[in-house]
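Inspection log for the structure reproduced underneath, given as structure tokens.
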Amino acid sequence: MQVFIASLLGVLIGALVVTVAFNLRIRYDQRKDEKRRMLEHKVKEIETLVLLNKKIVEILDKRVIMMEQYTSFNAFDDCYITVDDYIYLHSFAAQNSFYLPNYFLDEFFKRIATRKVVLSPEETVQIGGYTFKGARMLVEELSDELTEMIYEKKNQMKKVSDEPLTYFSKPL
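Its first residue numbered 1, the sequence shown is counted upward by one per residue in the UniProt record's numbering.
Have a look at this one:
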């Protein structure tokens with residue numbers, strides 16, 4: 001009888017140890033999975049911000065490339081955005097609204113819309129885009145703020161991750 005009680009007690013203690021170990025393993029896997037998903041989300045946010053910043057820089061560089069066709073209103077700070085680029089910015093912001101700071105972009109579009117130069121439809125088609133008077137500084141500010149956000153997100157990822165981040169080792 002004593003052997004039976006001792007063996008039953010051994011089985012119950014073994015089952016308790018296995019249950020505790022199993023629960024600890026499940027919690028560890030859940031935390032690891034949450035951390036991985038959070039890092040993937042941060043990576044997607046950074047990738048989206050980098051893509052948007054590249055497009056903004058491309059828009060800023062078009063002034064030099066298309067100087068002959070550029071409509072200037074006697075100011076260096078005018079900004080020329082082709083219709084395609086303007087639509088792309090709006091659609092990119094809408095498609096990636098989960099990863100982009102919406103308020104920040106909405107404010108940018110509101111501020112730049114007040115600077116749009118009114119041209120006839122024929123002039124807009126001839127130019128192939130919109131001209132925004134004095135908006136170059138706004139677009140440059142947007143690019144600078146995007147770059148700051150990218151570095152903030154990278155720093156947040158470094159704090160969360162225990163390992164070095166080789167994915168973003170290249171400079172922007």
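Glycine included, every Cβ here is placed at the ideal spot set by N, Cα and C. Computed from a predicted structure; not experimentally measured.
Check	Outcome
Local conformation of Glu-152 per DSSP, three classes	helix
Neighbourhood of Thr-48 by C-beta, 7 Å cutoff - its chain only, sequence neighbours within 5 removed	Asn-96, Tyr-99, Leu-100
Of the residues Arg-115, Thr-114, Thr-131, the one placed nearest Pro-121, counting alpha carbons only	Thr-131
Cβ neighbour criterion (16 or more within 10 Å) applied to Tyr-103	exposed
Which listed residue (Phe-108, Lys-110, Lys-116, Asp-33) has its alpha carbon closest to that of Val-83	Lys-116
Element boundaries [beta strand (DSSP E), containing Tyr-99]	Tyr-99 -> no beta strand (DSSP E), and no H or E assigned at all.
Cβ-Cβ distance between Lys-62 and Asp-85 below 9 Å	yes
Contact check, Met-157 vs Lys-42, beta carbons under 9 Å	yes
Local Cβ density within 10 Å of Tyr-151, reported as buried at 16 or more and exposed below that	exposed
N-terminal and C-terminal residue of the beta strand (DSSP E) that Thr-82 is part of	79-82
Nonlocal neighbours in the same chain, by C-beta distance under 8 Å from Glu-145, ignoring five residues either side	Phe-104
Cα-Cα separation between Phe-73 and Lys-44, rounded to whole angstroms	For Phe-73, the predicted structure reports a pLDDT of 49, less than 50, and the residue's modelled location is therefore unreliable. The matter cannot be settled from this model.
Beta-carbon spacing of Thr-114, Asn-53 below 9 Å	no
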